[in-house]
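For the record, in the sequence shown the residue sitting at position 102 is 110 according to my numbering, with numbers rising by one throughout.
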Amino acid sequence: MPYRRVKHKKSTIKKWSKRHMVALANQSALIVIQRTQTEGLGLDDKKLPKYKGKGRKLGAYSYSHGKLRRDGGKYNGARIGGGLPTNRITLSVTGQMFRQFRYIRASGRRFSARVGPTGNSKKYAKHTSALRPWIGFSKKDGQKVVNAFRAIWRSL
9 MPYRRVKHKK STIKKWSKRH MVALANQSAL IVIQRTQTEG LGLDDKKLPK YKGKGRKLGA
69 YSYSHGKLRR DGGKYNGARI GGGLPTNRIT LSVTGQMFRQ FRYIRASGRR FSARVGPTGN
129 SKKYAKHTSA LRPWIGFSKK DGQKVVNAFR AIWRSL
């Protein structure tokens, strides 16, 4: 069987590089964080479900957890200053999970990027997402990512 050379198609977009893909990935991570932490929305663009236990409630949380968020104290050895909102679910007590949610890997040649939790929060982010889905892009996030891409593309 004779040897047949396969030509790889090169990208027609010469200006786009890994640096631009990293910038888009960082913007995408911020879009997910904003939707989840500041707006309290899940993957379906609806409010994250509240506490539905049989005990007392303080806002959207159980009484003990709501009091901890409101007044402050210690949570699994970490000091919490208090003043956190109790009227909506934010999936964050210390903020560590969202500080460690960022781009992991990017490729300018393949036009791909990977965004997700890193560090210690990688262990429990998937569990919080299983209880209240938040990792990923919702329908509204898709348009925001397109707008972020257009802004980066215009700056080239």
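Note that beta-carbon positions come from the ideal geometry of N, C-alpha and C, so glycine has one too.
query, result
"Cross-strand partners of L92 (DSSP beta bridge)", "Partner(s): none; L92 has no beta bridge."
"Cβ-based burial, A68 [other Cβ within 10 Å; buried from 16]", "buried"
"Residues near P141 by beta carbon distance below 8 Å, same chain, minus five either side", "G50, L51, D52"
"Local Cβ density within 10 Å of S36, reported as buried at 16 or more and exposed below that", "buried"
"Whole-number beta carbon distance between A114 and V30, since they are thought to touch under 8 Å", "5 Å"
"Nearest residue (CA-CA) to T98, options G90, F119, Q45, K54", "Q45"
"Own chain, CB closer than 7 Å to Y59, minus 5 neighbours either side, in chain order", "K65, A68, Y69, S70"
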